[in-house]
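Q:
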Amino acid sequence: MDFSNLDFSTLQDIPVQFSYYEIPKLSINAQGKLAMNSALRKKVGDQREFRARITPDGYYLALYLEAP
1 MDFSNLDFST LQDIPVQFSY YEIPKLSINA QGKLAMNSAL RKKVGDQREF RARITPDGYY
61 LALYLEAP
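Take the sequence shown: its position 65, counting from 1, is numbered 65 in UniProt numbering, and each next residue is one higher.
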């Protein structure tokens, strides 16, 4: 194999693959109710009340743990 044209400084790490069940997720149904999957529930512990804020374009949602 000839690696003379390969610039090793451009190589990037391959991101770790997580299973579907290990990725924290939040879903919102048509009635506006939030549901957390088990991975997210594990991360937040017993916390079940949050202040939720959303960007005007609806692209980002933030959950504040300690805000009313």
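Note that CB positions come from ideal geometry on N, CA and C, so glycine has one too.
Report the residue from 41, 63, 38 and 39 whose alpha carbon sits nearest the alpha carbon of residue 50.
A: Position 50 of the sequence shown, counting from 1, holds the residue named residue 50. With distances taken between Cα atoms, residue 50 lies closest to 63.
Q: Select from 46, 20 and 54 the residue whose C-alpha is nearest the C-alpha of residue 32.
A: Taking the sequence shown and counting its residues from 1, the one referred to as residue 32 is at position 32. It is 54.
Q: To the nearest angstrom, how far is it from the Cα of residue 45 to the Cα of residue 23?
A: Position 45 of the sequence shown holds residue 45. Position 23 of the sequence shown holds residue 23. Approximately 15 Å, taken between the alpha carbons.
Q: May I have the straight-line CA-CA distance separating residue 43 from residue 4, to the nearest angstrom?
A: Position 43 of the sequence shown, counting from 1, holds the residue named residue 43. Position 4 of the sequence shown, counting from 1, holds the residue named residue 4. Their backbone Cα atoms lie some 46 Å apart in a straight line.
Q: Return the bridge partner residues of residue 62 from the DSSP annotation.
A: The residue labelled residue 62 in the question sits at position 62 within the sequence shown. Its beta-bridge partners are 53.
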